[in-house]
Structures are given as structure tokens and as C-alpha cells.
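Asker: I have a structure here, written as C-alpha cells, and I will follow up with some questions on it.
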Amino acid sequence: MSNLNENVVGQFNVGNTLGTTFSVFLKRFIPLNLLVLIFQLPMLIWSVSSGLFTASVENPETVFNDFGNQFVWIMIVSTILSFASAAAVVYGVFLDITGRNISIGECLSKSLSVLVPVILSGLIAYIAILIGTVLLIVPGIFAAICFFVVIPVVVVERPGVFASLGRSADLTKGNRWSILGLFLIIMVIAIVLGFISNFITIFFVSTSLNVFAIVISTVVQVITTTFFLIVSAVTYNNLRNSKEGVSSNEIASVFD
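Counting from 1, one number per residue, gives the positions in the sequence shown under full-length UniProt numbering.
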């Protein structure tokens, strides 16, 4: 069982959240990353077979013009699958909390059972973040922090689409500066990994070793996505521990 908080009422702690995230990430590295890979694999096969992957690396500015509707459909399907993977990983994290083995089949089944509210909540949150960012960067960041745990809320509590958004905003209230710090740390990690991945991909994509570029790019993307999703689940867990005095096992008991 991961070392998650148990019935602790007090201040949300960024260090503890990151520590727990790394613990879960390393301990459950294979099953959690495999869950993300399963949902990303169809899009990877599609983009590689169509030539979109190579084009997006060599001439990213011409991708939309060259691939048009195909690019749009790939983005739509990819978004749906990304929300499904988010629900699966969140459920997997809470299986770990209760000391149970992470069953790939069980996680996939659970993610599909909440797929519609997860997609709707996620899309509304994403649109709010996008609008806030376009109007002024600060409102976009504020929205991202408020809705940081909306997917775990949907998976664990199932309060409904708009209620999930409100619940996420309520849980983050009073801890938003801490979550902002956590968010910035995650972004730095993602940027560094992305830079390394892009450098390797650009170097190999036009050579006979382009398969190596695809593998590296996919691995980095899967790892980064999995880590971010674990952070979200652990943040939700720790916010409820600190604000409501609810233990991790009590939170996970809804899945019994």
C-alpha cells in the first residue's frame, strides 16, 4: 500500500503530494503507464500510418493544411481517449491506496463506466481554461487550478457534470497557491522531458532510425501523462485528507 495520508486535518502539503506521487508512480510504473499507452496506441498507429507523425515533426506549420479533416478527427478521438485514460489511472491510484493489485481490465471497465461525465466535465474545464487564457493568462491559470481535481471528483464521487466542477473548485479553495506551485513544478518537469523528446525525435525522424524516434516520443508522452494524472489523483486525496479529515481508505471505499 502506498504511503498516503490517513485522516489528517490541516494544511495541504506540496512536498507530501509530490513524494506520494513519485512513490505511486515508481511502485505502479508498469500498470499505470500501460493504461495510458493502451488509450494512446490507436492514435499513435493512426498518425504513424497516415504520415501525420513524421509531418508534424518535419513541417509542423503545414500539418493542418496537408491533413485537414484527418487531423481534426485525430484530435477529437485523441481527446476522448485521453479522458478515458485519465479515469482509468485515477481508479488505479485508488486501488493502490487500498493495497489491491491494479487490474488493467478493472481499470478499463471503470473508466468506460464514467466516460461520458468525465468527457463533459473535462471539456467544460478545458474550454474555461482556454477562454481564460485567451482573454488574459491569469484567469486561465486560475481556472486550471480550480478544476485541477475535477476528473478524480467525477471518478470517485460521481456528483454530476457541473457539480463536479463546483466540487473541484471547492476542494482547491484555500490551497490554490500551493496547487499553483505544484502545477508549476509539474510544468517544468514536462517541459524538460518534452525538450529532450523533441530533440531526439527531430534528430532521428528523417533517418532510417525513425522508428526509434517514434518509440522515444511515445514513451516520454506516456510517462509525462501518467505522472500528471497521478498528481491529480493524489492531490484530490490529500485535499480531502487535509480539509475534511477523510482517510484515504474511506475515500477509496466507494469502490468496494
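All residues carry an ideal CB built from backbone N, CA and C; glycine is no exception.
Does the Cβ of Phe-203 have 16 or more other Cβ atoms within 10 Å, making it buried, or fewer, making it exposed?
Answerer: The residue labelled residue 203 in the question sits at position 203 within the sequence shown. Burial call: exposed.
Asker: Would the beta-carbon of Ile-189 fall within 8 Å of that of Ile-145?
Answerer: Counting from one through the sequence shown, the residue named residue 189 turns up at place 189. Counting from one through the sequence shown, the residue named residue 145 turns up at place 145. Against a cut-off of 8 Å, the Cβ pair of Ile-145 and Ile-189 comes out as no contact.
Asker: Just the C-alpha distance for Val-234 and Asp-96, rounded to the nearest angstrom, thanks.
Answerer: Against the sequence shown, residue 234 aligns to sequence position 234. Against the sequence shown, residue 96 aligns to sequence position 96. Their backbone Cα atoms lie some 11 Å apart in a straight line.
Asker: Please determine, among Phe-195, Val-215, Val-156, the residue with the shortest C-alpha to C-alpha distance to Tyr-236.
Answerer: For the purposes of this step, residue 236 is identified with residue 236 of the sequence shown, where counting begins at 1. The candidate whose alpha carbon is nearest that of Tyr-236 is Val-156.
Asker: For Phe-227, which residues of its own chain have a beta-carbon under 6 Å away from its beta-carbon, when the five flanking residues on both sides are left out?
Answerer: One-based indexing of the sequence shown puts residue 227 at position 227. Phe-25.
Asker: How would you write the range of the alpha helix (DSSP H) that Pro-117 sits in, first residue to last?
Answerer: Walking along the sequence shown from the start, residue 117 turns up at place 117. Note, Pro-117: alpha helix (DSSP H), 115 to 135.
Asker: Can you say whether Met-187 is buried or exposed, counting buried as having 16 or more other CB atoms within 10 angstroms of its CB?
Answerer: Taking the sequence shown and counting its residues from 1, one reaches residue 187 at position 187. Exposed, because fewer than 16 other Cβ atoms sit within 10 Å of the Cβ of Met-187.
Asker: Which class does Phe-22 belong to by DSSP, given the choice of helix, strand or coil?
Answerer: Position 22 of the sequence shown holds residue 22. DSSP places Phe-22 in helix when its eight states are reduced to three.
Asker: Please report how far the alpha carbon of Ser-247 lies from the alpha carbon of Val-90, in whole angstroms.
Answerer: As a position in the sequence shown, residue 247 is number 247, starting the count at 1. As a position in the sequence shown, residue 90 is number 90, starting the count at 1. Spanning the two alpha carbons is a distance of roughly 17 Å.
Asker: With 16 other CB atoms within 10 Å as the buried threshold, where does residue 257 fall?
Answerer: Nothing about residue 257 can be reported from this structure: the residues present for the chain run from 1 to 256 only.
Asker: Kindly give me the distance between the Cβ atoms of Ser-85 and Phe-39, rounded to whole angstroms, as I take these residues to be in contact under 8 Å.
Answerer: As a working note, residue 85 is residue 85 in the sequence shown. As a working note, residue 39 is residue 39 in the sequence shown. That pair is a contact at about 4 Å.
Asker: How close, in whole Å, do the beta carbons of Val-118 and Ile-151 come, if the pair is a contact with beta carbons under 8 Å?
Answerer: The residue labelled residue 118 in the question sits at position 118 within the sequence shown. The residue labelled residue 151 in the question sits at position 151 within the sequence shown. At roughly 6 Å, the Cβ-Cβ gap stays under 8 Å, so Val-118 and Ile-151 are in contact.
Asker: Please list, in chain order, all residues of the same chain as Gln-221 whose beta carbon is under 8 Å from its beta carbon, the five residues on each side excluded.
Answerer: Within the sequence shown, residue 221 is the residue found at index 221, counting from 1. The answer, listed in chain order, is Gln-40, Ser-197.
Asker: As an exercise, report each continuous beta strand (DSSP E) stretch of at least 3 residues that is fully enclosed by the region 72 to 102, in chain order.
Answerer: Those beta strand (DSSP E) runs which fall completely within the region 72 to 102 and span 3+ residues do not exist here.
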